[in-house]
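Here the protein sequences line up with chains A and B, keeping their order.
If you want my numbering, it's the 1-based position in the first sequence plus 267.
If you want my numbering, it's the 1-based position in the second sequence plus 14.
One structure is given here, and the rest of the page talks about it.
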Amino acid sequence: MSELKVDKVSPRTGTYVSLNTVGSKNIIINGDMSIAQRGTSTASVTSSGYYACDRWRTGFDTAGTWTISQDTDVPSAQGFQKSTKIDCTTANGSLSAGSLFYIQQIFEGQNLQYLKKGTSSAESLTVSFWVKSVKTGTYICELKDDNNRTISKSYTIDSASTWEKKTITFAGDTTGTIDNDNTAGLEISWWLVAGTTFTSGTLQTSWDSLTNANRAVGQVNLADNTANNFWITGAQLEAGTTASDFEFLPYDVNLDRCLRYYELVGSGLGIFFANGHYYTNTYIRTSYKYRKIMRTAPSLDIASGTSYYRITRNGGTDYFDDLTLSSSADKSGLLINTTDVSGTAGQTGDLRTNTNGYIAFDAEL
Amino acid sequence: MIDTVTKNYLDGEFVSYQVTYVNSNRVKSVPLDEANSDYQAIQEWIQEGNTVIDNGGNN
Chain A
268 MSELKVDKVS
278 PRTGTYVSLN
288 TVGSKNIIIN
298 GDMSIAQRGT
308 STASVTSSGY
318 YACDRWRTGF
328 DTAGTWTISQ
338 DTDVPSAQGF
348 QKSTKIDCTT
358 ANGSLSAGSL
368 FYIQQIFEGQ
378 NLQYLKKGTS
388 SAESLTVSFW
398 VKSVKTGTYI
408 CELKDDNNRT
418 ISKSYTIDSA
428 STWEKKTITF
438 AGDTTGTIDN
448 DNTAGLEISW
458 WLVAGTTFTS
468 GTLQTSWDSL
478 TNANRAVGQV
488 NLADNTANNF
498 WITGAQLEAG
508 TTASDFEFLP
518 YDVNLDRCLR
528 YYELVGSGLG
538 IFFANGHYYT
548 NTYIRTSYKY
558 RKIMRTAPSL
568 DIASGTSYYR
578 ITRNGGTDYF
588 DDLTLSSSAD
598 KSGLLINTTD
608 VSGTAGQTGD
618 LRTNTNGYIA
628 FDAEL
Chain B
15 MIDTVTKNYL
25 DGEFVSYQVT
35 YVNSNRVKSV
45 PLDEANSDYQ
55 AIQEWIQEGN
65 TVIDNGGNN
């Protein structure tokens, strides 16, 4: 048996984080924008949804037209390789009262219980991120929980078209709760455009019930010129009042975290995705086991068009337009086509995407 | 933006929704799961006064 002798035991010094320090201190998933399963660019964005980088959602109403993409413009020598770029392609210099545009992430409540929301020990949250914008001025970052309690803080883009690191700390919320389940518990939003519905009050810099007028007071209108571009990367949200170094994850770990919410199975010519069989002469079935247990039963997200998919069976190929979901749980789903296939009951075959085919599963919040 | 919503049937049983979107060839099959955000969007779309196509499984 070995023996350890010490002269003195001293308190630990320096920066450390007491919560979730191993591999998951960052509540934000894909904060380095390295994963973009849906594709690297979506043009003509005029509605809410998920575009380009995984897990990053756009909230949108009457705020011009945009291209959202995964970009290679990144802050120098920080280790980041990708950013999200938001590019105004049609301006709106005269916003409607209800105009809004923000990018956000939404988090499951069951992953946030350690924040101890609603108790006297509620944890503060600190967000750090790198940002670059053609348009300088005041921008708003907001937290909102599943009980419609919000807190907003402003930050300033000081120099046009220059990468800047921003750090914002939000106080812990000693009121309310976050449901301990797989539904939306908290969201963080970076406002880019806000109409008077969201700017006519006083910025709500402490937790309180949602008042729209107080959510984005002072926010510049990023939609007022087609020259306006906005980039963000290195986003990290963590418990405590200090921003620690960005938590870089291996690509596969980052992808695994994203797969709980969205799984691209395949797109384009000849991508195998499952084996299937003819249940009748005009009816094929196939089951698919998701690579990760998904947040909830996912939707089948598919491109539909003439001969977008094919099943190779009995020495030949049968082309069809799409598939539908006949059952779905968080681990697997059953897909069918009963409209435009032709074979012999009992035949089996391999299913592939054809040119323009796209198949994915979506369990986003 | 949702364009149409149609009920999908299998062996006479309502099993999912089929959703098409404005100016898109993307289609979603949405399970009957209240935690699914597409399902939630369909319920909001219905509450706004829109109508789900229901052919009773006679595709």
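Glycine residues also receive a C-beta, built at the ideal position from the N, C-alpha and C atoms.
Only a predicted model underlies this, so the values are computations on that prediction, with no experimental measurement involved.
Closer than 7 angstroms between beta carbons: that is the criterion. Which residues of the segment 39–57 of chain B meet it against chain A? Among the residues of the segment 39–57 of chain B, those with a Cβ less than 7 angstroms away from any Cβ of chain A are N39, R40, V41, K42, S43, V44, P45, D47, A49, N50, S51, D52, in the order of the chain.
Report the residues of the segment 445–459 of chain A with a CB closer than 9 angstroms to any CB of chain D, ordered along the chain. In summary, chain D is missing from the structure at hand, where the protein chains are A and B.
Would you mind working out which of A:A506, A:Q503, A:G616 sits nearest R261 of chain A, comparing C-alpha positions? In this structure chain A extends from 268 to 632, so residue 261 of chain A is not present and cannot be described.
Which residues, in chain order, does the segment 19–30 of chain B contribute to contact with chain A at a C-beta distance below 7 angstroms? Residues of the segment 19–30 of chain B that bring their beta carbon within less than 7 angstroms of a beta carbon in chain A comprise N22, L24, V29, S30, in sequence order.
In the DSSP assignment, what residue or residues form a beta bridge with E375 of chain A? BP columns for E375 of chain A point to A:A451.
Residues of chain A with CB under 7 angstroms from Q32 of chain B, in chain order? For Q32 of chain B, the C-beta contacts it makes with chain A under 7 angstroms involve T591, in order along the chain.
Whole alpha helix (DSSP H) runs in the segment 488–566 of chain A with 4 or more residues, listed along the chain? DSSP runs (the alpha helix (DSSP H)) wholly in the segment 488–566 of chain A: 518–526.
Out of A:R558, A:K420, A:T547, point me to the one whose CA is closest to D523 of chain A's CA. Closest option to D523 of chain A, judged by alpha-carbon separation, among A:R558, A:K420, A:T547: A:R558.
Do you know whose CA, among A:K383, A:T307, A:E431, A:R482, lies nearest E409 of chain A's CA? For E409 of chain A, the nearest C-alpha among the options comes from A:R482.
Tell me where the alpha helix (DSSP H) around A55 of chain B begins and ends. Following the DSSP letters along the chain, one finds A55 of chain B inside the alpha helix (DSSP H) bounded by residues 51–61.
With 16 other CB atoms within 10 Å as the buried threshold, where does Y23 of chain B fall? Buried is the call here.
Based on Cα-Cα distance, which residue from A:V532, A:G298, A:Q380 lies nearest to D446 of chain A? It is A:Q380.
So the beta strand (DSSP E) Q345 of chain A belongs to, where does it begin and stop? Per DSSP, Q345 of chain A lies in no beta strand (DSSP E) and is assigned neither H nor E.
Could you tell me the distance, in whole angstroms, from the CA atom of D68 of chain B to the CA atom of T591 of chain A? Rounded to the nearest angstrom, the two C-alpha atoms are 16 angstroms apart.
For the beta strand (DSSP E) containing L362 of chain A, list its first residue and its last residue. Counting along the chain, no beta strand (DSSP E) covers L362 of chain A, and no H or E run does either.
Distance, Cα to Cα, Y518 of chain A vs N297 of chain A? Rounded to whole angstroms, Y518 of chain A to N297 of chain A spans 10 angstroms at the Cα level.
Given this structure, state the Cα-to-Cα distance separating D448 of chain A from S419 of chain A, to the nearest angstrom. Between D448 of chain A and S419 of chain A, the C-alpha separation is close to 25 angstroms.
Could you confirm whether any beta carbon from chain B is found closer than 8 angstroms to the beta carbon of L632 of chain A? Under the Cβ criterion of 8 angstroms, L632 of chain A is counted among the residues facing chain B.
So which residues of chain B does G572 of chain A contact, with C-beta pairs closer than 8 angstroms? What G572 of chain A touches in chain B: N39.
Check the C-beta distance from F396 of chain A over to K349 of chain A and give it rounded, since I have them as a contact under 8 angstroms. Your pair F396 of chain A and K349 of chain A does not check out as a contact, with CB atoms roughly 14 angstroms apart and the cut at 8 angstroms.
Does any residue of chain B have a CB that is nearer than 8 angstroms to the CB of S467 of chain A? For S467 of chain A, the answer is no, since every Cβ of chain B falls outside 8 angstroms of its Cβ.
Does T288 of chain A come out as helix, strand or coil in the three-state DSSP assignment? Residue confidence for T288 of chain A is low, a pLDDT of 46 falling below 50, so the modelled location carries little weight and cannot support an answer.
Just list the residues that DSSP pairs C355 of chain A with in beta bridges. A:W333.
I believe R40 of chain B touches A570 of chain A by the beta-carbon criterion, under 8 angstroms. Please report the beta-carbon distance rounded to the nearest angstrom. Between R40 of chain B and A570 of chain A a beta carbon distance of about 6 angstroms is seen, short of the 8 angstroms cut, so the two are scored as contacting.
Check whether the Cβ of D568 of chain A lies closer than 8 angstroms to any Cβ atom in chain B. For D568 of chain A, the nearest beta carbon of chain B is closer than 8 angstroms to its own beta carbon.
Since F368 of chain A and A344 of chain A are thought to touch, with beta carbons under 8 angstroms apart, how far apart are those beta carbons, to the nearest angstrom? Not quite, the Cβ-Cβ distance comes to about 31 angstroms (not below 8 angstroms), so this is no contact.
Taking C-alpha atoms, which residue in A:D568, A:D588, A:T605 lies nearest to Y576 of chain A? It is A:D588 whose Cα lies nearest to the Cα of Y576 of chain A.
Mind checking the segment 601–612 of chain A against chain B and listing, in chain order, the residues whose C-beta falls within less than 9 angstroms of any C-beta there? Within the segment 601–612 of chain A, those residues whose Cβ lies closer than 9 angstroms to any Cβ of chain B are, in chain order, L601, L602, I603, T605, T606.
Quick check on D412 of chain A: buried or exposed, where buried means 16 or more other Cβ atoms within 10 Å of its Cβ? D412 of chain A sits buried, since 16 or more C-beta atoms from the chains shown fall within 10 Å of its C-beta.
Of the listed residues A:I407, A:F540, A:R527, nearest to N621 of chain A (C-alpha basis): Answer by Cα proximity: A:F540.
Pair every Cβ in the segment 355–362 of chain A with every Cβ in the segment 325–339 of chain A, then say whether three or more of these pairs are closer than 8 angstroms. They touch, by the three-pair rule.
Does the CB of A564 of chain A have a neighbour CB from chain B at under 8 angstroms? Taking CB atoms only, A564 of chain A has a neighbour in chain B less than 8 angstroms away.
Among residues of its own chain, excluding the 5 on either side of F28 of chain B, which ones have a beta-carbon nearer than 7 angstroms to its beta-carbon? Once the five neighbours on either side are set aside, the close Cβ partners of F28 of chain B are K21.
Can you name, in chain order, every residue of its own chain whose Cβ lies under 6 angstroms from the Cβ of N492 of chain A, other than the five neighbours on each side? Same-chain partners within the cutoff: A358.
Status (buried if at least 16 other CB within 10 Å, exposed otherwise) for S301 of chain A: S301 of chain A should be labelled buried.
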